[in-house]
Amino acid sequence: MDQQQRNHLIKNQNRAFITGSIENINDQWVFFDEETDEAFMLEQYSLQEVEIFHRHQWLRGILEEDGKITLPTSTLFLQDKMKIRIRKQITFALEILLNELTDDVLFYFIYNLNLLDFSIYDCIYGHNQLSYLDEEENRNGVNFLIFDNGECICNVQHHFTYEQECQDRFEFTLSTGKRTIVEKVSNL
């Protein structure tokens with residue numbers, strides 16, 4: 003799997019976006035999350051990539067501070083009731099872990115997480131013990147991740163041993179009591 007395939011796998015997860023509409027209130031753009039009805043200032047996403055629903059399609063551009071979105075070939079000005087998608091951020095500990103996993107382990111982890119109806123964008127807490135260990139030495143420990151998909155909680159323990167052989171074991175435990183264990187062993 004090359005870097006482009008890794009990025010595709012990560013970026014095309016369910017619930018990767020916060021979707022909502024915008025309104026201009028007192029000369030400030032306010033974003034209303036369609037799922038939670040929460041409102042927040044759109045300016046906190048200035049100079050970030052967003053997607054806007056325009057002419058029956060999602061267009062990707064950069065949200066500028068002056069109420070416009072710069073697209074690759076044009077510029078759109080914000081208007082009341084426009085639909086916007088904002089990509090969620092992956093928690094820092096999980097992002098580092100995803101980068102450290104080999105391609106096959108990354109695939110097994112995401113595949114099994116998705117089977118349980120969770121996305122990497124559902125991660126609400128992560129502790130990446132692996133990032134604290136020296137790469138030159140044998141490494142072993144446990145990473146802890148907690149996911150919330152709005153209906154259920156999933157706790158993931160990633161037990162790893164990287165010595166003469168690499169062993170990755172993921173224990174998925176749902177708040178319903180369901181458990182799944184996936185293990186991948188390979189030689190260095």
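When we follow this note's numbering, the leftmost residue of the sequence shown carries the number 3, and every step to the right adds one.
Glycine included, every Cβ here is placed at the ideal spot set by N, Cα and C.
Would you mind giving the Cβ-Cβ distance between residue i and residue j, rounded to the nearest angstrom? I have them listed as a contact below 8 Å.
i: I88; j: I148; result: The Cβ separation is near 22 Å, so there is no contact.
i: E66; j: W60; result: Not confirmed; about 18 Å, so no contact.
i: N116; j: T182; result: The pair is not a contact, with the Cβ atoms about 12 Å apart (cut-off 8 Å).
i: F174; j: L108; result: Their Cβ separation, rounded to whole angstroms, is 15 Å, which puts F174 and L108 out of contact at 8 Å.
Please return the same chain residues whose Cβ sits closer than 6 Å to the Cβ of residue i, not counting the five positions on each side in sequence.
i: F55; result: K85
i: E36; result: T21, G22
Using the C-alpha atoms, what's the distance from residue j back to residue i?
i: H110; j: V184; result: In the sequence as displayed, the identity of residue 110 is Tyr instead of His. Answer to the nearest angstrom: the Cα atoms are 8 Å apart.
i: H58; j: N189; result: 50 Å
i: N26; j: D150; result: 31 Å
i: S133; j: Q50; result: 27 Å
i: L44; j: I64; result: 12 Å
i: Q7; j: N28; result: 44 Å
i: D106; j: F120; result: 19 Å
i: D4; j: Q30; result: 42 Å
i: I126; j: D82; result: 31 Å
i: C156; j: R171; result: 16 Å
i: N140; j: T93; result: 26 Å
i: D39; j: Y164; result: 45 Å
i: S76; j: G128; result: 39 Å
i: Q62; j: E167; result: One point to set straight first is that residue 62 is Arg, not Gln, in the sequence displayed. Rounded to the nearest angstrom, the two C-alpha atoms are 43 Å apart.
i: K180; j: K186; result: 20 Å
i: I112; j: E138; result: 27 Å
i: F34; j: S48; result: 16 Å
i: G143; j: Q46; result: 37 Å
Near residue i, which residues of its chain fall below 7 Å by C-beta distance, leaving aside the five closest residues on each side in sequence?
i: F79; result: G69, K70
i: N130; result: A95, I98, L99, N145
i: C154; result: L176, S177, T178
i: I12; result: L100, I122
i: N16; result: S121
To which residues of the same chain is residue i closer than 8 Å at the C-beta, ignoring the five residues directly before and after it?
i: V32; result: I24, E25, N26, A41, F42, M43, L44
i: A18; result: R89, K90, S121, Y123
List, from N- to C-terminal side, the beta strand (DSSP E) runs of 3 residues or more that fit wholly inside the stretch 80-110. 85-89
Restricting to runs no shorter than 3 residues, where is the beta strand (DSSP E) found entirely within the stretch 125-153? 125-129, 141-150
Alpha helix (DSSP H) runs wholly inside the stretch 5-43, at least 4 long, in chain order: 5-13
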